Amino acid sequence: MPAPKIPESVLVVIHTADLQVLLLERADKPGFWQSVTGSKDALDEPLMTTAIREVHEETGILIGSDHVPAKNLRDWQLSNVYEIYPVWRHRYAEGVTHNTEHVFGLLVPPDLPVQLAEREHLQYRWLSWREAADQCFSPSNAEAILQLPQHC
Numbered sequence: 002m003p004a005p006k007i008p009e010s011v012l013v014v015i016h017t018a019d020l021q022v023l024l025l026e027r028a029d030k031p032g033f034w035q036s037v038t039g040s041k042d043a044l045d046e047p048l049m050t051t052a053i054r055e056v057h058e059e060t061g062i063l064i065g066s067d068h069v070p071a072k073n074l075r076d077w078q079l080s081n082v083y084e085i086y087p088v089w090r091h092r093y094a095e096g097v098t099h100n101t102e103h104v105f106g107l108l109v110p111p112d113l114p115v116q117l118a119e120r121e122h123l124q125y126r127w128l129s130w131r132e133a134a135d136q137c138f139s140p141s142n143a144e145a146i147l148q149l150p151q152h153c
């Protein structure tokens with residue numbers, strides 16, 4: 002049995018300069034669209050490291066490369082505490098019901114290839130920021146995307 006997930010995660014809104022947003026469809030919940038998300042691997046893992054790792058794992062995008070400089074990943078200094086959906090609570094330690102999510106933005110070029118982690122996602126879409134917010138199943142994800150213009 003894997004170790005319980007740490008109830009502290011990142012949400013990374015991946016976007017282009019013209020505010021097109023990358024959304025991913027969850028493999029374990031078809032029809033559920035979201036930005037890159039993921040929990041810390043260790044309690045002492047820096048949030049920036051979590052964000053870099055999750056982006057690479059879920060999309061194949063390598064932050065710190067010639068195409069996506071590290072400075073393009075920005076911590077929005079925004080966090081949300083939300084109740085973990087009951088369907089996913091079994092991944093956490095017994096009694097854990099809430100997660101703290103830290104929001105980041107990542108500016109990428111418009112033609113950057115995306116390679117999905119097949120275990121996690123079925124497909125991806127680039128949508129305008131307003132359309133992307135409407136597609137998200139998570140209210141905190143939708144709200145983060147609606148704040149994108151303020152962070153560019």
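Sequential numbering of the sequence shown, starting at 2, is according to my numbering.
Where a beta carbon is used, it is the ideal one built from N, C-alpha and C, also for glycine.
Note that this is a predicted model, so its numbers are computed, not measured.
- With respect to the C-alpha of glutamine 78, the residue from Ser10, Gln35, Val104 having the closest C-alpha is Val104.
- For the pair phenylalanine 33 and leucine 149, the Cα-to-Cα distance works out to about 20 angstroms.
- With a contact defined as Cβ atoms closer than 8 angstroms, threonine 17 and valine 115 miss out at about 12 angstroms.
- For glycine 39 against serine 10, the beta-carbon gap comes to about 6 angstroms, under 8 angstroms, which counts as contact.
- Among the bridge pairs identified by DSSP, glycine 32 is matched with none.
- Nearest C-alpha to leucine 12 among Cys153, Arg120, Arg75: Arg75.
- Your pair glutamate 102 and serine 80 checks out as a contact, with CB atoms roughly 6 angstroms apart and the cut at 8 angstroms.
- Contact check between the stretch 91 to 100 and the stretch 44 to 53: fewer than three CB pairs, one atom from each, fall below 8 angstroms, which does not count as touching.
- Per DSSP, reduced to three states, the secondary structure at isoleucine 15 is strand.
- Taking the Cβ atoms as the reference, glutamate 132 lies roughly 22 angstroms from alanine 28, outside the contact range of under 8 angstroms.
- Burial check for leucine 107: the Cβ neighbour count within 10 Å reaches 16 or more, so the residue is buried.
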